[in-house]
Structure formats: structure tokens, C-alpha cells
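Asker:
Residue numbers (UniProt numbering), protein chains in the order written: chain A, 1 to 286; chain B, 1 to 264.
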């Protein structure tokens, strides 16, 4: 068996070992190294890089806590925006469905820089969005989107919402329409049928969407780099800056380790939360 | 025919709003790209001058060349790695198959920021800090899981008795592969190649970490351009990228079903 499996699987597995596993391990190792004279990485076993980040309130508040907050907010908005769309798309068929699906998937395939260009045209001071909002009397003087946290959140939602729609559709399509019909037949209102039957069954899709979108948002660096400013120093952006502009690879590595650890902790927290909700529902049904 | 209730109407209205949100930047870019008055809206005509300017800019043409080479090489290598792996996974059941599959898909689970940084540090460590190889490797590994996903799906639809029949009439392994297997999964291969190519072509995060001087891919070139200059030439270039991506979307959707491919 091994002799038959090894030749076809080996090239891909070896490539992943050399170019994913070992580099990831090396990030961990580098995070304990030192930077000498601000230029050379020196082998060491120090926690200085971690202390520099975790001991500095500025980093903790303006980078780590800021990234967590902005990622949570953008993820929540993505879910609120994506859920109704998935509910609507699942009921459509034919051409209408194809068009809707194409629009949902377009942001995932068109490159980020291309999309950001369009958003810059929309965001600029006297740009489209401000003219539109003022014409609609939503507000009466131009609001700043470019180089601002508002623009960053809008971009993160723009990229995140399609993922929410796709993962929710996976769950929604598995729900038999007869189930909703049955609930309606025994006298449930539309709202009750949704809340008691459909919504609990979309929990796996919702959770999958949350995991993807939160991780994407939390580690984002291209969006704050292109749209943000000094007030949107997300942790991914600091990693980019320390690695490429300041050449401080040990510090960038320590930041990466912290980022992965915090991301994992938050996902575990979400899993516990969702697990409890699903368990509660099961208990209630008994 | 029952009248749609309030809930359905609200749902439809909200979906329409969201679709407008999703298409907004794409439509704006395309309009600015053909608008003779640049950013002044509404457009007062139609021009291809911005496209001509974008397509004759030396910087952009060079970026296109780099992205083209990068996309072709990454897509070829990714498929060359993924095809045998997909065949082994589809044809055999063994203990740990789930684990192997998870490992092969792992590049999707790692944030791009960290994957790029890790490769950057790794190549600096082995003394190959700035060259074309890290960029090629980064793109290849990044798109390989997508190739694996499409190829696995299309191999599932391949009836193994075709290959058995070929083997029975005396065709060797190689002959069977080239005369039976590859032609039958042709559509899967084409869409896998198209997807890998377009993902590499449009990539920004990996390129910005790994591109060596003199080998700047188009998206990074566009990013540096719009940082300092802000004109309709950039819109024409962005518009070209949108049209190319749309073409790739159509090809992949016709041949493999886009949805199955993009699911994370």
C-alpha cells in the first residue's frame, strides 16, 4: 500500500514540508532571536521580542486590541449583511441564481488591489459615496472614509460577506423545504418556523463562515495598508512593516506567533459559545 | 399564485442593496475607465484612450509580463503536484487519508500574512533572500490546494473501468494516463489551471513580501502606481484586470462550477 501511495503523494507532501512546515517552525525559532545593530539576526534564546510587544501598552491597545475589535465588528457586520442574502439566494433558481452567485463570488476572484482602486474612487473626499449620501440626506457634510477606520471596515465587510453567504448556502441547501412546510402546517408563523427550524440548522454554516471571516479580518494587512492610516495599525500591518520596512525579522516573527495564538484562542472561544448554543437547543427539544 | 408577503419583499430588497454594494466598486472602475472626463460623473461619452495608455505603459507591460510568467509557472507546478496526489487520494482508501488531505489543504488554513512572512524568513535563512524562486514557490504553494480540490472532484466523476479497459488491451501506465485519464478529466484540468492562474495573477499579499527587485508583478505595480498617482489610466488597468477575472470566472464556472471551487 505504502509503495503504491508514496510516489504520487510524496512530491506534494515534501513541497509542503519544505515550504510550509519548516518555514512555519522557523518563524517560531526566529521569534526568540535577537536583532543586532538593527540589521543582523543573531541566534539567541530570548523572550525580548515578546516582552517588547506584550509589555508595551501602546502595542496592546492600538494594535492587538484594535485588531480584535475591528475584526469582530467587521465579522458581525458581514454576518448581518450575508445572512439575508443567503436566505434569499437559496430560494432562487435559474438565471436569477446564476447572476446573484456571480456577483457574490466576483470579489473573491477579482484581485484586492483592483477592488481597492474602485473603492478609492468611491471614498475620496468629494467622491461618489459622499455625494450620494448627501443627496440622500443621510448626512450633510462629507465624511472621511479614505485613510480611516470606516473605509477599512467597509473593505473588510466587502471581502468577508461573500464568504459568509457561501458557507451559509452550504447549510441552507441541506434543509429540506418540507421541514419548514411541516412547521407551518402545525401552526408556526413564518418567523417561528425560521427561528425554531431554519436558524438552528444553519449554525454549522454560520460557524464556518465566522471562522473564515474572523481569521481573514484579524490577520489583514493589505486593506489597512492601502486604505488605512496611522489610526488603523492592525497587527498584520505591523508584521508587514517590521519585516519588510524595518527588517526586524525576530520582532515580526514574535508578532506572528502572538497573532496565531490569539486567533486560535478566539476561535476556541467561538467554538465553545456555538457548542453551548447547539447543546442548549438539543436540551430544549427533549 | 400567492402574493409575496412582507418578509419576502424585505429580503429581496435587502439582497438587491447588497448586490449593489458588491458591484459598486467594479462598476465605478469600469465607468471611469471609459469616461472621457476622467472622474467627472456622469460620463459624457465613451473612450478607449485610457486603455490605450494603460496598455502602452512600460511599467504596466513589464508587470503584466512578470504576472504572466508567474501565473503560468505557478499554475503548471501546482497542477503537476496536485494531479498525482489527487489520483492517489481518489483511488485508494487508507488509514490517515483524512489527515493527508488536511495536510495538503493546509496552505488555505494559514493566514497569507504569516505564510508569506514564513517563506520570506525561510529563504533569507537558506541564503536565497531575494530572487525569483521564493516568489514562484509562494505562488505555487498558495494555489495548490485549489488545484487539488478541482482535480479531486473531476477524478471522482471518472469511471475507473475506462482505465482498466485500456490496461487490459495492453496500454502501459503512461499511455493510459495520456490517452485516457487526462483527456477524460480535461475540463477539470483546464478549470484548475485557469483558477490557479487567475489567483496567482491577482495576488497581492504574497507578491508584496516575496517579489525581488526588478520582478514586480502587476498588482504590486498597480498598488505603487495608485499610491502616488491617481488617474483614469489606473482605472483602465484595473478594468482590464476585472475583465480578465470575469473571463476566468466564466471558464471555471462552465467547466467545474465556481461555487464548489471557492468554498473554503
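All residues carry an ideal CB built from backbone N, CA and C; glycine is no exception.
Predicted model only: the values in this text are computed from it and were never measured.
Compare the C-beta of residue 141 of chain B against all C-beta atoms of chain A and say whether one is closer than 8 Å.
Answerer: Numbered from its first residue, the second chain carries residue 141 of chain B at position 141. True, the Cβ-Cβ gap to chain A drops below 8 Å.
Asker: Find the nearest neighbour of residue 144 of chain B within the set A:11, A:253, A:279, judged by alpha-carbon distance.
Answerer: Along the second chain, one-based indexing puts residue 144 of chain B at 144. Comparing Cα-Cα distances from residue 144 of chain B to each of A:11, A:253, A:279, the minimum goes to A:11.
Asker: If the cut-off is 8 Å on Cβ atoms, which residues from the region 228–259 of chain A count as contacting chain B, listed in chain order?
Answerer: Correct list: 236, 239, 240, 243, 244, 249, 252, 253, 256, 259.
Asker: Could you tell me the alpha carbon to alpha carbon distance between residue 222 of chain A and residue 246 of chain A, rounded to whole angstroms?
Answerer: By 1-based counting over the first chain, the position of residue 222 of chain A is 222. By 1-based counting over the first chain, the position of residue 246 of chain A is 246. Distance between the alpha carbons of residue 222 of chain A and residue 246 of chain A is about 17 Å.
Asker: Below 8 Å on C-beta distance, what does residue 15 of chain B contact in chain A?
Answerer: For the purposes of this step, residue 15 of chain B is taken as the residue at position 15 of the second chain. Per Cβ cutoff of 8 Å: 84, 85, 88, 89, 100.
Asker: Can you look up residue 1 of chain B in the DSSP assignment and give me helix, strand or coil?
Answerer: In the second chain, residue 1 of chain B corresponds to position 1, counting from 1. With a pLDDT of 44 at residue 1 of chain B, under the threshold of 50, the predicted position of this residue should be treated as unreliable, and no value is reported.
Asker: Find the residues of chain A that neighbour residue 198 of chain B, judging by a C-beta separation of less than 8 Å, and give them in chain order.
Answerer: Start at 1 with the first residue of the second chain, and residue 198 of chain B comes out as number 198. Per Cβ cutoff of 8 Å: 109.
Asker: Could you check whether residue 205 of chain A and residue 171 of chain A sit closer than 8 Å to each other, using their CB atoms as the reference points?
Answerer: In the first chain, residue 171 of chain A corresponds to position 171, counting from 1. In the first chain, residue 205 of chain A corresponds to position 205, counting from 1. Result yes, Cβ atoms of residue 171 of chain A and residue 205 of chain A sit closer than 8 Å.
Asker: Consider the Cβ of residue 179 of chain B: report whether some Cβ of chain A lies at a distance smaller than 8 Å.
Answerer: Position 179 of the second chain, counted from the first residue, corresponds to residue 179 of chain B. No, residue 179 of chain B does not count as interfacial toward chain A.
Asker: Helix or strand or just coil, what does DSSP make of residue 195 of chain B?
Answerer: Counted from its first residue, the second chain places residue 195 of chain B at position 195. Looking at residue 195 of chain B - three-state DSSP - the assignment turns out to be helix.
Asker: Tell me which residues share the same chain as residue 151 of chain B and place their Cβ nearer than 6 Å to its Cβ, disregarding the 5 neighbours each side in the sequence.
Answerer: Translated into positions along the second chain, residue 151 of chain B becomes position 151. Closer than 6 Å at Cβ, skipping near neighbours: 82, 83, 86, 188, 192.
Asker: Who are the near neighbours of residue 220 of chain B in its chain, counting only those whose CB is closer than 7 Å to its CB and skipping five residues on each side?
Answerer: Working through the second chain from its first residue, we reach residue 220 of chain B at position 220. If we look at residue 220 of chain B and ignore the five residues flanking it on each side, its Cβ neighbours are 204, 207, 208, 211.
Asker: Measuring straight from C-alpha to C-alpha, what distance separates residue 19 of chain A and residue 42 of chain B?
Answerer: Position 19 of the first chain, counted from the first residue, corresponds to residue 19 of chain A. Position 42 of the second chain, counted from the first residue, corresponds to residue 42 of chain B. Approximately 50 Å between the Cα atoms of the pair.
Asker: Using a 10 Å radius around the Cβ and a threshold of 16 neighbouring Cβ atoms, would you call residue 226 of chain A buried or exposed?
Answerer: Position 226 of the first chain, counting from 1, holds the residue named residue 226 of chain A. That one is buried.
Asker: Tell me, please, whether the CB atom of residue 202 of chain B is closer than 8 Å to any CB atom in chain A?
Answerer: For the purposes of this step, residue 202 of chain B is taken as the residue at position 202 of the second chain. So yes, residue 202 of chain B belongs to the interface.
Asker: Residue 35 of chain A bridges to which residues according to DSSP?
Answerer: For this step, residue 35 of chain A is matched to residue 35 along the first chain. Paired residue(s): A:41.
Asker: Residues of the region 75–89 of chain B with a CB closer than 7 Å to any CB of chain A: list them in chain order, please.
Answerer: Here the close residues are 81, 82, 84, 85, 87, 88.
Asker: If we call anything under 8 Å between Cβ atoms a contact, is residue 369 of chain A one with residue 63 of chain A?
Answerer: There is no way to answer for residue 369 of chain A, as the model of chain A reaches only from 1 to 286.
Asker: Interface residues of chain B around residue 11 of chain A at Cβ under 9 Å?
Answerer: Start at 1 with the first residue of the first chain, and residue 11 of chain A comes out as number 11. By Cβ distance, chain B contributes 80, 81, 84, 85.
Asker: Got a sec, what are the start and stop residues for the alpha helix (DSSP H) residue 192 of chain A sits in?
Answerer: The residue labelled residue 192 of chain A in the question sits at position 192 within the first chain. From DSSP, the alpha helix (DSSP H) with residue 192 of chain A extends over 190–193.
Asker: When the cut-off is 8 Å and only beta carbons count, does residue 104 of chain A lie next to chain B?
Answerer: Translated into positions along the first chain, residue 104 of chain A becomes position 104. It does: the Cβ of residue 104 of chain A has a partner Cβ on chain B nearer than 8 Å.
Asker: Compile a chain-ordered list of the residues in the region 19–46 of chain A whose CB is closer than 7 Å to at least one CB of chain B.
Answerer: Correct list: 19, 20, 22, 23, 24, 26, 27, 30.
Asker: Can you find the residues in the same chain that come closer than 7 Å, C-beta to C-beta, to residue 47 of chain B, ignoring five residues on each side of it along the sequence?
Answerer: Along the second chain, read from residue 1 onward, the residue named residue 47 of chain B stands at position 47. Excluding residues within five positions, the ones whose Cβ falls inside 7 Å are 34, 36.
Asker: Count the other CB atoms within 10 Å of the CB of residue 250 of chain B; is the residue buried (16 or more) or exposed (fewer)?
Answerer: Against the second chain, residue 250 of chain B aligns to sequence position 250. Residue 250 of chain B comes out exposed.
Asker: Here's the rule: buried if 16 or more other CB atoms are within 10 angstroms of the residue's CB, otherwise exposed. What is residue 89 of chain A?
Answerer: Residue numbering aside, residue 89 of chain A sits at position 89 when the first chain is read from its first letter. Buried.
Asker: Quick one: any contact between the region 248–264 of chain A and the region 47–66 of chain A, if contact means 3 or more CB pairs under 8 Å?
Answerer: Yes: at least three Cβ pairs fall under 8 Å.
Asker: Quick check: is the beta carbon of residue 193 of chain A nearer than 8 Å to any beta carbon in chain B?
Answerer: Indexing the first chain from 1 puts residue 193 of chain A at position 193. No, no contact with chain B.
Asker: Under a Cβ-count criterion, where at least 16 other Cβ atoms within 10 Å of its own Cβ denotes burial, should residue 2 of chain A be classed as buried or exposed?
Answerer: The sequence position of residue 2 of chain A within the first chain is 2, counting from 1. Per the 10 Å Cβ criterion, exposed.
Asker: Taking C-alpha atoms, which residue in B:197, B:100, B:146 lies nearest to residue 136 of chain B?
Answerer: Within the second chain, the letter at position 136 stands for residue 136 of chain B. Closest option to residue 136 of chain B, Cα to Cα, is B:197.
Asker: What does the alpha-carbon distance come out to for the pair residue 53 of chain A and residue 262 of chain A?
Answerer: Position 53 of the first chain, counted from the start, is the residue given in the question as residue 53 of chain A. Position 262 of the first chain, counted from the start, is the residue given in the question as residue 262 of chain A. Residue 53 of chain A and residue 262 of chain A: Cα-Cα distance of roughly 13 Å.
Asker: Return no unless some Cβ of chain B is closer than 8 Å to the Cβ of residue 179 of chain A.
Answerer: One-based indexing of the first chain puts residue 179 of chain A at position 179. For residue 179 of chain A, the answer is no, since every Cβ of chain B falls outside 8 Å of its Cβ.
Asker: Mapping the DSSP letters down to three states, classify residue 91 of chain A as helix, strand or coil.
Answerer: For the purposes of this step, residue 91 of chain A is taken as residue 91 along the first chain, with counting starting at 1. In the structure shown, residue 91 of chain A sits in coil (DSSP, three-state: anything other than H, G, I, E or B).
Asker: Please determine, among A:251, A:160, A:122, A:37, the residue with the shortest C-alpha to C-alpha distance to residue 142 of chain A.
Answerer: Mapped onto the first chain, residue 142 of chain A falls at position 142. Comparing Cα positions, the closest option is A:122.
Asker: Mind listing the chain B neighbours of residue 120 of chain A? Cutoff is C-beta to C-beta under 8 Å, in chain order.
Answerer: Position 120 of the first chain holds residue 120 of chain A. Within 8 Å Cβ-Cβ: 226, 230.
Asker: Counting only beta-carbon atoms, is residue 281 of chain A nearer than 8 Å to chain B?
Answerer: Reading the first chain from its first residue, position 281 is the one you call residue 281 of chain A. Chain B, which has no Cβ nearer than 8 Å to the Cβ of residue 281 of chain A, makes this no.
Asker: Determine the chain A residues that contact residue 92 of chain B at a beta-carbon separation under 8 Å, and present them in chain order.
Answerer: Here residue 92 of chain B is taken as the residue at index 92 of the second chain, counted from 1. Simply 1, 4, 5.
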